[in-house]
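Below is one structure, written out as structure tokens; comments come after it.
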Ligand SMILES: *[C@@H]1O[C@H](CO)[C@@H](O)[C@H](O)[C@H]1NC(C)=O
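In mature numbering (1 follows the signal peptide of the UniProt record, and there is no 0), the protein residues as written are -23 to -1, 1 to 327.
Here is the structure:
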């Protein structure tokens, strides 16, 4: 689809910073969770994978890549929109070399969060380890094209960060430990502290242009609606309110970081309102189904739990669905439309 990626892209409008400076983006560098993982989890021992059909059904070549989607994911579209390659390779994929990563690389890992305890749940890559991989990448890049060119890429690249939903849904609201230590408001503050440290770490490593994505209306994800039996599968108001509150804090954090860290341009990419609009009025955006995902029965399954090949319940046309599987919001791929709209959208802002 088009719509969710447009949503992302139009978020980048705030990167009108770029329009102002007319800066060319030499690379897109990605950190985060399943919303932006292009396949790193295929190379670590975890069940949080999507390297089987029908994932990737509408991807270039129709193959599963580890993206939690039927097709490409937002960073791929953003990369293409900046005139870079149409897909961003996963750093841990051994079929790629440093030459492939020079114009874009993904360190994200499905199932991870700001909180170390979140990545422990499914044994995925913690955020600090994504940063370790990024440091290794910098070394390899310097060895490959020399310090000067590498430093230019590092400082002019666009860093996309999309993470946080799992901290609430997979960790805080599912496991007892964090709930016994923090009220949800305190947990939000704890995560905000970690987010601030993460941005500072990237800044210290030379990153200057970042987009920090907020969390979506988490209470409207299919799994949350399916389990909201008491309210007839409406969105879980409580989770949406937490998302709004957390996003508000992220926004303040972003303002503070821009003031404090000289030369940093970080934008807060807020997908909440637009996604909620799409969920509330799907037909005006070209969608039909918002309550369940396309993959499997679209209710409980995600990845390993049963979004499997030949599942007779998998929908024939993902473009009508806002969600691909039951937990993860994902873009619906339709190249013709998305390419077209993407370019229109970018032309407006660049
Ligand atoms: C997360 O784990 C890493 C590695 O063990 C550690 O350096 C870091 O301090 C931890 N973060 C928190 C907030 O505990």
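Don't be surprised by glycine CBs; every beta carbon is placed ideally from N, CA and C. The structure presented is a predicted model; accordingly, all values stated were derived computationally and were not measured.
Asked, Found
"For residue 64, three-class secondary structure by DSSP", "coil"
"Exposure of residue -3, with buried meaning 16 or more beta-carbon neighbours within 10 Å", "Summary for residue -3: the model assigns pLDDT 49, below 50, so the residue's position carries little reliability, and this model does not support an answer."
"Straight-line gap, residue 158 to residue 38 (C-alpha atoms, nearest Å)", "47 Å"
"Reduced DSSP category for residue 246 - H, G, I as helix; E, B as strand; rest coil", "strand"
"Whole beta strand (DSSP E) elements within the stretch 156 to 214, 3-residue minimum", "186 to 190"
"Member of 244, 241, 288 and 83 whose CA lies at the smallest distance from the CA of residue 68", "83"
"For residue 83, the residue or residues it bridges with in DSSP", "7 and 67"
"Near ligand 1: residue 93 beta-carbon under 8 Å from a heavy atom", "yes"
"Cβ distance (whole Å) where residue 328 is taken to contact residue 102 below 8 Å", "In the structure as shown, the chain starts at -23 and stops at 327, and residue 328 therefore has no counterpart that could be examined."
"Inter-residue Cα distance where the pair is residue 120 and residue 131", "14 Å"
"Endpoints, the beta strand (DSSP E) within which residue 150 is located", "Looking at the DSSP string, residue 150 is not in any beta strand (DSSP E), and its letter there is neither H nor E."
"Endpoints, beta strand (DSSP E) assigned at residue 138", "135 to 139"
"Stretch pair the stretch 162 to 170 + the stretch 211 to 218: three plus CB contacts closer than 8 Å", "no"
"Buried or exposed (CB count within 10 angstroms, at least 16 for buried), residue 209", "exposed"
"Alpha-carbon spacing of residue 346 relative to residue 60, whole angstroms", "Since the first residue of the chain shown is -23 and the last is 327, residue 346 is not available in this structure."
"Nearest-angstrom Cβ-Cβ length linking residue 180 and residue 241, presumed shorter than 8 Å", "6 Å"
"Length of the line joining the Cα atoms of residue 288 and residue 79", "39 Å"
"Rounded distance between the beta-carbons of residue 96 and residue 12, thought under 8 Å", "Actually they are not in contact, since the Cβ atoms of residue 12 and residue 96 sit about 15 Å apart, beyond 8 Å."
"Contact check, residue 268 vs residue 193, beta carbons under 9 Å", "no"
"Rounded separation between residue 341 and residue 66 - CA only", "This structure does not reach residue 341, given that the chain is present from -23 up to 327, and the question cannot be answered."
"Backbone CA spacing between residue 3 and residue 232 [nearest angstrom]", "25 Å"
"Option nearest residue 249 by Cα separation, candidates 185, 234, 205 and 142", "142"
"Limits of the alpha helix (DSSP H) - the one that residue 302 falls within", "Premise fails: residue 302 is in no alpha helix (DSSP H) and is neither H nor E."
"Residue 168 Cβ short of 8 Å to ligand 1 heavy atom set", "no"
"Residue 230 Cβ short of 8 Å to ligand 1 heavy atom set", "no"
"Proximity of residue 100 and residue 22 at Cβ, strictly below 9 Å", "yes"
"Sub-9 Å separation of residue 358 and residue 85 beta-carbons", "What is shown of the chain runs -23 to 327, which leaves residue 358 out entirely."
"Residue nearest to residue 144 in terms of C-alpha spacing, selected from 166, 254 and 33", "166"
"Residue burial classification, residue 201 (beta-carbon count within 10 angstroms, cutoff 16)", "buried"
"Simplified DSSP state of residue 32, which is helix, strand or coil", "coil"
"Cβ neighbour criterion (16 or more within 10 Å) applied to residue 211", "exposed"
"Three-state secondary structure (DSSP) of residue 298", "strand"
"Beta-carbon proximity check, residue 44 vs residue 36, cutoff 9 Å", "yes"
"Classification of residue 93 by the beta-carbon crowding that lies within 10 angstroms, buried from 16 upward", "exposed"
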